[in-house]
Structures are given as C-alpha cells and as structure tokens.
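A.B. asks:
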Amino acid sequence: MSFASLNLAPPLLRAITEQGYTEPTPIQAQAIPAVLEGKDIMGCAQTGTGKTAGFTLPLLQLLLPHASTSTSPARHPVRALVLVPTRELAAQVEESVRTYGKYVPLRAAVVYGGIDIKPQIKALHVGVEIVVATPGRLLDHLEQKSINLSQVQILVLDEADRMLDMGFLPDLKRILSMLPAQRQNLMFSATFSEDIKKLANQIMRSPTLIEVARRNAPSELVTHSAYEIPAGHKHALLAHLIRTRDMQQVLIFTRKKIDADRLSRQLQRDGLLATAIHSDRSQAERTIALEEFKTGKAKILVATEVAARGLDIDQLPFVINYELPHTPEDYVHRIGRTGRAGMTGEAISLVSPDETEYLVNIEKLLKRPIPRLPAPELSEPRRGRTGSSGSSSGSSSSRPPARAYGDARASSSGEPVDREEARQQRTIREAKESGRSRQRGGGNDRGAPAASSPASNLPHFDFSKPYESMKKPVDENAETQTAGAHGTHGTLPDTSPAKRKVRATGALLGGLRRKTENSGNS
Ligand code: AMP
Numbered sequence: 004m005s006f007a008s009l010n011l012a013p014p015l016l017r018a019i020t021e022q023g024y025t026e027p028t029p030i031q032a033q034a035i036p037a038v039l040e041g042k043d044i045m046g047c048a049q050t051g052t053g054k055t056a057g058f059t060l061p062l063l064q065l066l067l068p069h070a071s072t073s074t075s076p077a078r079h080p081v082r083a084l085v086l087v088p089t090r091e092l093a094a095q096v097e098e099s100v101r102t103y104g105k106y107v108p109l110r111a112a113v114v115y116g117g118i119d120i121k122p123q124i125k126a127l128h129v130g131v132e133i134v135v136a137t138p139g140r141l142l143d144h145l146e147q148k149s150i151n152l153s154q155v156q157i158l159v160l161d162e163a164d165r166m167l168d169m170g171f172l173p174d175l176k177r178i179l180s181m182l183p184a185q186r187q188n189l190m191f192s193a194t195f196s197e198d199i200k201k202l203a204n205q206i207m208r209s210p211t212l213i214e215v216a217r218r219n220a221p222s223e224l225v226t227h228s229a230y231e232i233p234a235g236h237k238h239a240l241l242a243h244l245i246r247t248r249d250m251q252q253v254l255i256f257t258r259k260k261i262d263a264d265r266l267s268r269q270l271q272r273d274g275l276l277a278t279a280i281h282s283d284r285s286q287a288e289r290t291i292a293l294e295e296f297k298t299g300k301a302k303i304l305v306a307t308e309v310a311a312r313g314l315d316i317d318q319l320p321f322v323i324n325y326e327l328p329h330t331p332e333d334y335v336h337r338i339g340r341t342g343r344a345g346m347t348g349e350a351i352s353l354v355s356p357d358e359t360e361y362l363v364n365i366e367k368l369l370k371r372p373i374p375r376l377p378a379p380e381l382s383e384p385r386r387g388r389t390g391s392s393g394s395s396s397g398s399s400s401s402r403p404p405a406r407a408y409g410d411a412r413a414s415s416s417g418e419p420v421d422r423e424e425a426r427q428q429r430t431i432r433e434a435k436e437s438g439r440s441r442q443r444g445g446g447n448d449r450g451a452p453a454a455s456s457p458a459s460n461l462p463h464f465d466f467s468k469p470y471e472s473m474k475k476p477v478d479e480n481a482e483t484q485t486a487g488a489h490g491t492h493g494t495l496p497d498t499s500p501a502k503r504k505v506r507a508t509g510a511l512l513g514g515l516r517r518k519t520e521n522s523g524n525s
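Numbers 4 to 525, taken from my numbering, label the letters of the sequence shown in order.
1) Would you identify the three-state DSSP class for R110, choosing helix, strand or coil?
2) If the criterion is Cβ atoms closer than 9 angstroms, does the pair E326 and L353 meet it?
3) State the beta-bridge partners of H227 as determined by DSSP.
4) Taking 8 angstroms as the line, does the beta carbon of K370 fall inside it for any heavy atom of the ligand AMP?
5) Measuring only from the beta carbon, is S99 closer than 8 angstroms to any heavy atom that is part of the ligand AMP?
6) Which full runs of the beta strand (DSSP E) of 3+ residues lie inside the segment 99 to 164, going along the chain?
7) Just to confirm, are I3 and L65 a CB contact at a threshold of 9 angstroms?
8) Return helix, strand or coil for F256, following the three-state DSSP convention.
9) Could you tell me the alpha carbon to alpha carbon distance between V96 and E380, rounded to whole angstroms?
10) Going along the chain, which residues of its own chain have a beta-carbon closer than 6 angstroms to the beta-carbon of P80, five neighbours each way excluded?
11) Just curious, the alpha helix (DSSP H) that A239 is in, first and last residue?
12) In its own chain, which residues sit with a C-beta less than 6 angstroms from the C-beta of H227, not counting the 5 before and 5 after it?
13) Buried or exposed: which applies to T25, given that a residue is buried once 16 or more other Cβ atoms fall within 10 Å of its Cβ?
14) Do K529 and the ligand AMP come close, with the Cβ less than 8 angstroms from some heavy atom?
15) Return helix, strand or coil for R208, following the three-state DSSP convention.
16) Would A306 and L254 qualify as a contact pair, given that the criterion is a beta-carbon distance under 9 angstroms?
17) In three-state DSSP terms, what is E436?
18) Run the proximity test for Q22: is its beta-carbon closer than 8 angstroms to any non-hydrogen atom belonging to the ligand AMP?
19) Taking DSSP as the reference, what is the three-state secondary structure of R177?
20) Can you tell me whether E358 sits near the ligand ATP, meaning its C-beta is under 8 angstroms from at least one heavy atom of the ligand?
21) From D143 to S149, what does the alpha carbon distance come to, in whole angstroms?
22) In this structure, does DSSP put I213 in helix, strand or coil?
23) In three-state DSSP terms, what is T307?
24) With a threshold of 16 other CB atoms inside 10 Å of the CB of Q251, please say whether the residue is buried or exposed.
25) If you follow the alpha helix (DSSP H) that V335 is part of, which residue opens it and which one closes it?
26) Output yes or no for whether 9 angstroms exceeds the beta carbon distance between P61 and V38.
27) Closer than 8 angstroms is the cut-off here; do at least three beta carbon pairs connect the segment 113 to 131 with the segment 41 to 56?
28) Round the Cβ separation of Y103 and T59 to the nearest angstrom and send it over; I've been treating them as touching at under 8 angstroms.
29) I'd like to know if the segment 228 to 247 and the segment 282 to 296 are in contact, where contact means that at least 3 CB-CB pairs between them fall below 8 angstroms.
30) Under a three-way DSSP split, which group does F321 fall into?
31) Which same chain residues end up closer than 6 angstroms to S71 when comparing Cβ atoms and leaving out the 5 residues on each side of it in sequence?
32) Please name the residue or residues paired with A2 in a DSSP beta bridge.
33) In this structure, what does DSSP give as the bridge partners for T20?
34) Can you determine whether any heavy atom of the ligand AMP sits closer than 8 angstroms to the C-beta of G57, and answer yes or no?
35) With C-beta atoms as the reference, is R3 less than 9 angstroms away from A277?
36) Given a cut-off of 9 angstroms on the beta-carbon distance, is the pair L175 and L160 in contact?
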C-alpha cells in the first residue's frame, strides 16, 4: 500500500516522501482513512508504531480548507487540540506536525510546562490552528484567556492511559468541558484499562476501534533477558555489560529520580558517557540530555519511567531495566523504546531477589518466560550502592560477599573477558535465534537454545490478543505539566470532514487489527 492510495493531499505526500517513508505503517493504513472520513477513533497503539503521523497527517488534511495566509488572528482559531501527557511527547508531536505540515499553510503551537509561559502566549496570540499541549499548562492558558477552544473541531488524546496514570483526569475533564460538543475525537492508548474504556465512552461517539499489534508484538524483534543478581551487584554488572557488549546507545531505567542521577554519576565515574533524564531536571536540562543521547554525545541515558515516556529515539538497540517497574505494563512501555521500525533490539533486566515478583508479573503479562542469563563472574569487588541496587563510592558494608561483581574496567577492551562472557554472549545469540524461530511461525521449542537459557521452553505466544491491563501507579512523582511554543506552517488541498457516522465499538479487548463493530454504544 502506498500513501498516495490513502488519498492524502500532494503537499502531505511531498513531506512524507522527504521523510523517506515508502509505505504506511499498519496504524497509519487504518487510521488515516477513518480520520479523513470524520470518524471518532480509539487507537490501541504506542509510540514507535507511527501513530503520530497516523493522526497528524489526516488532521492536517482535514484542516486544509481552513488554511489561510491572513495575518489576522481571527482567521486562525484553534481547530485541533492534541493533548499529551509529557513535555517531551508534546515537543515531539509538535515537531511531527511541523514536519508533515511543512508544505501546508496551517499554524501550530506547542504549550507545556516548565518553561516561560510568555512566548507561548505570544505564539497563541497571533492565531494557530493546531495546539499540542500538556493538560496543566493548557489550563493555565485557559485561565489567563490566552487561548480559546470554542472552535476546536478535532481533539486528539495521545497516550491517554499515561495521562490517567499521571492523574490528569480532573484536568482533562475541565478541558473537555470547554470544547464544543460537536467535534471529532481521536484517542490513542497503549492499554485498555477500565478507566480508559470509561473515558472513551464518555467522550467518544461509537468510535472506530483500531488496533495494531501491541508493543510487545513488534517486540518479537526484541530479545528479552534477565540477570538474577543481588541488588548490590547491579552496578558492576551493568558497567560490565555496557563495556563488553560494546553498547553504543543504551537507555537505562531506574524507578526513582534520585537513583537515575546517582547511577548516571556512577557510570560517569566509570568513564562511561552517561546522562540522566527525569522530572526534577529543568526542561532545558532534559532537552540537552535527550539531544546528547540522540546525537551520541552521551551513550547512556538513565531515565525514569515518566521522563522516558513517549521518547522517540531511532533504532535504539538496548534498553536495560536497572530496576524493574512495579507494574508490568511499564515494562512493556520501557522496552517499547527498542525494536522499532523493523530493527532488532535487546531488553535486559537486572533483577534482585526482591524484584522476582515483578518479573513473574511481567512474564504473565507477556505470556511467556523471560530467559535468565547466567551472570558473569567479575573480578574486582564493587563499591557502594545505587538506590536499591548497590554500586560505587560507598561503605564496605554493602560490599557483596565472596563472588563479588567487579568494576567493569577490568573488561574495558570490549572483548569477551573470559569463558563465562563468551558463554553469556552465546546464550544471548541463542535466545535471539529462538525468538527468530518463533517469529517465523514456529511458536514452539524448535531450534532450542542451550540449556543455560530457558528460551527453549518459550511457548508460542498469541500476539493477536491484547494483554490485560493491570492497574498501575506511576513510580516517579507524576510530572506536573504546564507550556513552550513554536510556530508551524504548512498547506493542503481539500478534504472536508465527512459526516460523522456513528458506529459502535464492541469489546475493546480481543482481536488484532481494525475492528469496526456495530453494537450500541454510548
Ligand atoms: P511514532 O510512533 O509516531 O512515535 O513514530 C515512530 C517513528 O516511526 C518515528 O521516528 C517516525 O518518524 C517513524 N515513522 C512514522 N511513520 C513511518 C513510516 N510510514 N515509515 C517509516 N517510518 C515511519
């Protein structure tokens, strides 16, 4: 299928071609025609599936008839509102609007917290058709009357599940109450909890349900593995893995902000190029950290779940869970940073005994076991601790006994340090092989890996069934959102919103790909 066959306007097709996209991703193939028809959409998809273009492209096309080169703000009312949970995602979505709308004379602005509100007020004042916002700062603007939402035709709720997790429901309700009742609603969520279904029922009229393989389905391209080790050994093993596996770009997750900082500093002391991102850092610091990571200036980004949410980093080969998340869905979100766009990736978890339960829950959610890898023996005893997971520069009281895990500098050559290392790498290769054989449709134990890897026991997993949601808190303190701004331009031919056709959504769970069911819905 081509983008042209989706009836997208030439200026959009031009921008798409410039991006080097040759064909629509599954969510784009399904969402673009439905949105162009004016339907409400409930999309089950995550970052990495191409969903941003999936709603941005048709949104731009629908607004094209309103494109105007007039300088009068009155000619540029806000017609589309995109709500997202985090600042980073807001910036990314706005960038996508700018990219795809490059040849379309529509204006866009992004508003999120943590930065001066005045430039945003200025940007909104001149008039913009599309606003990408985090809820908190948008409310600030509404209170200051620097934005008027009375002409919004299209509402997009991106990463709706995360917005609820972050406690944005009251803010959302307030914002929704200020929108015209007659509008098109597009909602995207990675998971379908009861709360999400409730929200969807409240704001959408019989939406078309669009599902693409959930995050852990494309993750057939991701090799999962875990090291079960004492917390105090984690830092040494981590540094060892980074060096011996020659990891050039790795995203590492901790649960708490303080541990992200601490671990990043420890890795820096190890001579590794690390930086950290979390919600206590200023927006400028977060932007710099992300940029350094994307450009390779920093090879290691230590992040908390919330801060990393929605990050779009091309071809990220490694995600390491330094600490496991308490809710299994967050594992799925985390590892969703790798294995994108057909690239393979590795998700490695360092699991201390007190985290075993979390690992078991993750396996339940994934409906398959995660191979345990044998931890290598490392030479030097490590020092100190990082959060729950021990590490450098501390007292000897946290020093692990007997078979200590040493400073990774012992293996800084990048070569496998010993037979144990070679065995470990073989096990990883074998786990990957096993994954590939599953992907080819074997779904059984054929091509069984070495005895050291339980990958041989991996059952075939039916990815056609979305996973059940398990209720989740957010580990890091929820980020408070509130605003930034950029202008955006573009132009487009016409496709006026088709009449809304009421179609009911059946059970949100179950079934792959698009489902448009006719069963009464609120
Ligand atoms: P998203 O899920 O929207 O965050 O997109 C993930 C990544 O996929 C982004 O880097 C996009 O640039 C890229 N992308 C989106 N659509 C396509 C496509 N049709 N072909 C190739 N890459 C795409």
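Glycine included, C-beta positions come from ideal geometry on N, C-alpha and C. Since the model is a prediction, treat every value here as computed from it, not as a measurement.
C.D. replies: This is what the structure gives:
1) For this step, residue 110 is matched to residue 107 along the sequence shown. Reduced to three states, the DSSP call for R110 is coil.
2) The count along the sequence shown starts at 1 and reaches residue 326 at position 323. The count along the sequence shown starts at 1 and reaches residue 353 at position 350. Contact: yes.
3) Within the sequence shown, residue 227 is the residue found at index 224, counting from 1. A350, per the DSSP bridge assignment.
4) One-based indexing of the sequence shown puts residue 370 at position 367. No, the ligand AMP has no heavy atom inside 8 angstroms of this Cβ.
5) Along the sequence shown, read from residue 1 onward, the residue named residue 99 stands at position 96. True, at least one ligand heavy atom lies under 8 angstroms from that Cβ.
6) 111 to 114, 133 to 136 and 157 to 160
7) With the chain running from 4 to 525 in the structure shown, residue 3 is simply not present.
8) What you label residue 256 is simply residue 253 of the sequence shown in a count that begins at 1. Reduced to three states, the DSSP call for F256 is strand.
9) Numbered from 1 along the sequence shown, position 93 holds the residue referred to as residue 96. Numbered from 1 along the sequence shown, position 377 holds the residue referred to as residue 380. Whole-angstrom Cα-Cα distance: 45 angstroms.
10) For the purposes of this step, residue 80 is taken as residue 77 along the sequence shown, with counting starting at 1. Hits under 6 angstroms: Q154.
11) In the sequence shown, the residue the question calls residue 239 occupies position 236. From DSSP, the alpha helix (DSSP H) with A239 extends over K237 to T247.
12) Residue numbering aside, residue 227 sits at position 224 when the sequence shown is read from its first letter. Apart from the 5 residues on each side of it in sequence, H227 sits with its Cβ closer than 6 angstroms to the Cβ of A350 and I373 in its chain, given in chain order.
13) Reading the sequence shown from its first residue, position 22 is the one you call residue 25. Label assigned to T25: exposed.
14) Missing from the structure shown is residue 529; the chain here goes from 4 to 525 and no further.
15) Translated into positions along the sequence shown, residue 208 becomes position 205. In this structure, R208 counts as coil in the three-state DSSP scheme.
16) Here residue 306 is taken as the residue at index 303 of the sequence shown, counted from 1. Here residue 254 is taken as the residue at index 251 of the sequence shown, counted from 1. Closer than 9 angstroms, so yes.
17) In the sequence shown, residue 436 corresponds to position 433, counting from 1. Residue placement at E436 is poorly supported in this model, since its pLDDT is 44, which falls under 50; the coordinates are not used for a value here.
18) Mapped onto the sequence shown, residue 22 falls at position 19. For the ligand AMP, a non-hydrogen atom lies closer than 8 angstroms to the CB of Q22.
19) Along the sequence shown, one-based indexing puts residue 177 at 174. For R177, the secondary structure class from DSSP, reduced to helix, strand or coil, is helix.
20) Of the ligands one can find in the structure shown, namely the ligand AMP, none is the ligand ATP.
21) In the sequence shown, counting from the first residue as 1, residue 143 sits at position 140. In the sequence shown, counting from the first residue as 1, residue 149 sits at position 146. The alpha-carbon atoms of D143 and S149 are separated by roughly 9 angstroms.
22) Indexing the sequence shown from 1 puts residue 213 at position 210. In this structure, I213 counts as strand in the three-state DSSP scheme.
23) As a working note, residue 307 is residue 304 in the sequence shown. Taken through DSSP and simplified to helix, strand or coil, T307 comes out as strand.
24) Walking along the sequence shown from the start, residue 251 turns up at place 248. Counting Cβ neighbours within 10 Å, Q251 comes out exposed, since fewer than 16 surround it.
25) Mapped onto the sequence shown, residue 335 falls at position 332. Where V335 is concerned, the enclosing alpha helix (DSSP H) stretches over P331 to I338.
26) Start at 1 with the first residue of the sequence shown, and residue 61 comes out as number 58. Start at 1 with the first residue of the sequence shown, and residue 38 comes out as number 35. Between P61 and V38, the C-beta gap is smaller than 9 angstroms, which places the two residues in contact.
27) no
28) If you number the sequence shown from 1, residue 103 lands on position 100. If you number the sequence shown from 1, residue 59 lands on position 56. Taking C-beta atoms under 8 angstroms as the contact rule, Y103 and T59 qualify, at a distance of about 5 angstroms.
29) No, because fewer than three Cβ pairs between the segment 228 to 247 and the segment 282 to 296 fall closer than 8 angstroms, the two stretches do not touch.
30) The residue given as residue 321 occupies position 318 in the sequence shown. Note: F321 maps to strand in three-state DSSP.
31) Stepping through the sequence shown from its first residue, residue 71 is reached at position 68. Once the five neighbours on either side are set aside, the close Cβ partners of S71 are R78.
32) Outside the displayed span of the chain (4 to 525) sits residue 2, for which this structure offers no information.
33) In the sequence shown, counting from the first residue as 1, residue 20 sits at position 17. Its beta-bridge partners do not exist; DSSP assigns none.
34) If you number the sequence shown from 1, residue 57 lands on position 54. Here the distance from the Cβ of G57 to the nearest heavy atom of the ligand AMP is below 8 angstroms.
35) The chain is shown from 4 up to 525; residue 3 falls before or after that span and cannot be answered.
36) Against the sequence shown, residue 175 aligns to sequence position 172. Against the sequence shown, residue 160 aligns to sequence position 157. Yes, the pair counts as a contact, with Cβ atoms nearer than the cut-off.
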